[in-house]
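This note's numbering runs 1 ahead of the 1-based position in the sequence shown.
Data first, discussion second: the structure below is written as structure tokens.
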Amino acid sequence: MRRDIEQQLLQWKDSDRRKPLVLRGARQTGKTYSLREFGQQHYKRLAYLNFEETASASQLFQADLDPHRIIPEISLMLDLPIVPAETLIVFDEVQACPNALTSLKYFAEKAGEYHVAAAGSLLGVKLGKPASFPVGKVNFLDLYPLSFCEFLDALDKSRLREHIDTIDRLSPLPAPIHEQLIHLLKVYTFTGGMPEAVMHYRENQDLHSVRTIQREVLDAYLLDFSKHANPREVMKITTVWNQVQSQLAKENKKFIFSAVRKSARGRDYESAIQWLLDAGLIYKSVKISAPRLPIEAYAQSNIFKIYLLDPGLLAAMADIPARILIEGDRLFTEYKGAFIENLAAATLVGAHGKQLYYWASENLAEVDFVVSYEHELYPLEVKAGISRKKKSLLAYDDRYHPSKLVRTTLMNLRQDGRIVNIPLYLLHRFPEIVLGDSP
2 MRRDIEQQLL QWKDSDRRKP LVLRGARQTG KTYSLREFGQ QHYKRLAYLN
52 FEETASASQL FQADLDPHRI IPEISLMLDL PIVPAETLIV FDEVQACPNA
102 LTSLKYFAEK AGEYHVAAAG SLLGVKLGKP ASFPVGKVNF LDLYPLSFCE
152 FLDALDKSRL REHIDTIDRL SPLPAPIHEQ LIHLLKVYTF TGGMPEAVMH
202 YRENQDLHSV RTIQREVLDA YLLDFSKHAN PREVMKITTV WNQVQSQLAK
252 ENKKFIFSAV RKSARGRDYE SAIQWLLDAG LIYKSVKISA PRLPIEAYAQ
302 SNIFKIYLLD PGLLAAMADI PARILIEGDR LFTEYKGAFI ENLAAATLVG
352 AHGKQLYYWA SENLAEVDFV VSYEHELYPL EVKAGISRKK KSLLAYDDRY
402 HPSKLVRTTL MNLRQDGRIV NIPLYLLHRF PEIVLGDSP
């Protein structure tokens, strides 16, 4: 299954500033598959160590962390030659062997000619404890669930993907193509981008089995809380996790701690939210007091929304039935547009890997996302269905006068003066696509 991260891995392989690579990402997003496939396709050999499957591999890192001792021993253990630049060395489930994670520092300092990549479930949580982490000695890449574009590739719709990836004018797509993309987007919103769910849908077109897979993923995450989190935090992490769905279903999707537990305060759940962020299971969008640069200087860190990493998992958590896909645009309007806003959040994070921000004013207007791009801020309002309402955008415009006002809806691509409508299936091209035409 083709993943876009292959191009980033190739850039890492050929970079003159290549260091050992740490591939981050939530459980079951395809990290192992991506690294193994990359090693098999672009190197002569793959030296693969999984520290959970082969616990004895940890013994190679006990005496010392000298890579010139470790590499020959890995070669003997796997019975294959390890040649610089010809062999990809993969440390998988590296969180199970902290010494192997620490050793990346010495691979960078003493054995830079070797190509080493590390990955693991909940590695982001491990990296949140910097005591043994090789700061400044590694490169990072992040792997997310499959994007809508990767979903198109998985369904053998690569020509359709190529078409939307190369649009350079703010002109409507032909109606049949637009309608086909909207249908596929509905299916993607239900199936989400977890690789096993996508591959099962590709092979069987069975949405009920897709839902079973999604529930298994959700159950695995709950088990991770108990297995890997501080015992004192497990209940709080679970409570926050279970609240994401209901909090997004509110008209005002700001995360309200009193809805978690009466009289609860932010600092009571701060570490639980950070654990979920480090695990890659949620994304946080922070309110800004004003859309000015640098945007992070105007962030109000105590006011935020929380989104799930994958729209399909949110649909599973909410137990949305498969039949909703034949009921017009209901999937996008259910739960006060929670699915469409979560879809937008996941798309923006996957496309840009940036912190999310939103703007609100005196409970009278709210712009769902404000994105920084090429020294300018672009407001983005997310609307379910084919709504033409733009009250919040106009309120934002009256106060800040941006060069473009942007909505993402189920409507076709179009521009009316400074207002640009981006169909949801093109959101990965925002903000650059708004520069396609002059105002």
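The beta carbon of each residue, even a glycine, is placed where N, CA and C say it ideally should be.
Three-state secondary structure (DSSP) of K306:
Counting from one through the sequence shown, the residue named residue 306 turns up at place 305. The answer is strand: DSSP assigns K306 an E or B state.
Taking the alpha-carbon positions, what's the R4 to A265 distance?
By one-based count along the sequence shown, residue 4 stands at place 3. By one-based count along the sequence shown, residue 265 stands at place 264. Answer to the nearest angstrom: the Cα atoms are 41 Å apart.
Could you tell me if S290 is buried or exposed, where buried requires 16 or more neighbouring beta carbons within 10 angstroms of its beta carbon?
Against the sequence shown, residue 290 aligns to sequence position 289. When all chains shown are included, S290 counts as exposed.
Determine the DSSP secondary structure at S35, reduced to helix, strand or coil.
The count along the sequence shown starts at 1 and reaches residue 35 at position 34. Three-state DSSP puts S35 in a helix.
What does the Cβ neighbour count give for H184, buried or exposed, with the cut at 16 atoms within 10 Å?
Here residue 184 corresponds to residue number 183 of the sequence shown, with the count starting at 1. Result: exposed.
Can you pull the DSSP bridge partners for L22?
One-based indexing of the sequence shown puts residue 22 at position 21. Looking at the DSSP assignment, L22 forms a beta bridge with A118, N140.
Check the Cβ-Cβ distances between E335 and every residue of chain D, and say whether any is below 7 Å.
Among the protein chains of the structure shown there is no chain D, as only one such chain exists.
From the DSSP output, in three-state form, read off L79 for me.
Along the sequence shown, one-based indexing puts residue 79 at 78. Note: L79 maps to helix in three-state DSSP.
Within 10 angstroms of the Cβ of S302, are there 16 or more other Cβ atoms? Answer buried if so, exposed if not.
Along the sequence shown, read from residue 1 onward, the residue named residue 302 stands at position 301. Exposed, since its Cβ has fewer than 16 Cβ neighbours within 10 Å.
Nearest by alpha-carbon distance to V95: which of S362, L22, R419, A347 is it?
Along the sequence shown, one-based indexing puts residue 95 at 94. V95 has its Cα closest to that of L22, out of S362, L22, R419, A347.
Is the beta carbon of V368 closer than 7 Å to that of E382?
Counted from its first residue, the sequence shown places residue 382 at position 381. Counted from its first residue, the sequence shown places residue 368 at position 367. Contact: yes.
Alpha-carbon to alpha-carbon, P292 and G354:
Against the sequence shown, residue 354 aligns to sequence position 353. Against the sequence shown, residue 292 aligns to sequence position 291. G354 and P292: Cα-Cα distance of roughly 19 Å.
In three-state DSSP terms, what is S57?
By one-based count along the sequence shown, residue 57 stands at place 56. Three-state DSSP puts S57 in a helix.
Quick check: the Cα distance between L428 and D207, rounded to an integer number of angstroms?
As a first step, residue 428 must be located in the sequence shown, where it is residue number 427. As a first step, residue 207 must be located in the sequence shown, where it is residue number 206. Going from the Cα of L428 to the Cα of D207 covers about 27 Å.
So is A176 buried or exposed if we call it buried at 16+ other beta carbons inside 10 Å?
As a working note, residue 176 is residue 175 in the sequence shown. Counting Cβ neighbours within 10 Å, A176 comes out exposed, since fewer than 16 surround it.
Kindly indicate which three-state DSSP category I168 falls into: helix, strand or coil?
Numbered from 1 along the sequence shown, position 167 holds the residue referred to as residue 168. Note: I168 maps to coil in three-state DSSP.
Can you tell me whether P295 is helix, strand or coil according to DSSP?
Indexing the sequence shown from 1 puts residue 295 at position 294. The answer is coil: DSSP assigns P295 none of H, G, I, E or B.
Would a C-beta distance cut-off of 7 Å place R415 and P173 closer than the cut-off?
As a first step, residue 415 must be located in the sequence shown, where it is residue number 414. As a first step, residue 173 must be located in the sequence shown, where it is residue number 172. Yes. Within cutoff.
How many angstroms separate the CA atom of P440 from the CA atom of G26?
Residue 440 sits at position 439 when you count from the first residue of the sequence shown. Residue 26 sits at position 25 when you count from the first residue of the sequence shown. For P440, the predicted structure reports a pLDDT of 38, less than 50, and the residue's modelled location is therefore unreliable. A value from the coordinates is still provided. Their backbone Cα atoms lie some 39 Å apart in a straight line.
Mark P380 as exposed unless 16 or more other C-beta atoms lie within 10 angstroms of its C-beta, in which case mark it buried.
As a first step, residue 380 is located in the sequence shown; it is residue number 379 there, counting from the start. Burial call: buried.
Anyone know if the C-beta pair for L136 and A118 falls short of 7 Å?
As a first step, residue 136 must be located in the sequence shown, where it is residue number 135. As a first step, residue 118 must be located in the sequence shown, where it is residue number 117. Correcting the residue type first, residue 136 is Val in the shown sequence and not Leu. Not in contact: V136 and A118 (Cβ atoms no closer than 7 Å).
How many Å lie between K45 and A120 at the Cα?
Sequence index remark: in the sequence shown, residue 45 carries index 44 (1-based). Sequence index remark: in the sequence shown, residue 120 carries index 119 (1-based). In a straight line, the C-alpha of K45 is about 21 Å away from that of A120.
Leaving out five residues before and five after V218 in sequence, what residues of the same chain have Cβ atoms less than 6 Å from its Cβ?
Along the sequence shown, read from residue 1 onward, the residue named residue 218 stands at position 217. Excluding sequence neighbours, V218 sits near Q29, M195.
Could you give the DSSP three-state label for A221: helix, strand or coil?
Your numbering for residue 221 matches position 220 in the sequence shown. Looking at A221 - three-state DSSP - the assignment turns out to be helix.
DSSP bridge partner residues for F370 (one or two, in chain order)
The residue you call residue 370 lines up with position 369 of the sequence shown. Bridge partners of F370: L381.
Would you list the residues sitting across from T410 in a DSSP beta bridge?
Along the sequence shown, one-based indexing puts residue 410 at 409. DSSP lists P424 as partners of T410.
At the level of alpha carbons, what is the spacing between T240 and R233?
As a first step, residue 240 is located in the sequence shown; it is residue number 239 there, counting from the start. As a first step, residue 233 is located in the sequence shown; it is residue number 232 there, counting from the start. Looking at the two C-alpha atoms, the distance is approximately 13 Å.
Can you give me the C-alpha to C-alpha distance between H229 and V407, rounded to a whole angstrom?
For this step, residue 229 is matched to residue 228 along the sequence shown. For this step, residue 407 is matched to residue 406 along the sequence shown. About 41 Å.
Excluding the 5 residues preceding and the 5 following L102 in the sequence, name in chain order all residues of the same chain whose CB lies nearer than 6 Å to its CB.
Along the sequence shown, one-based indexing puts residue 102 at 101. So the qualifying residues of the chain are V95.
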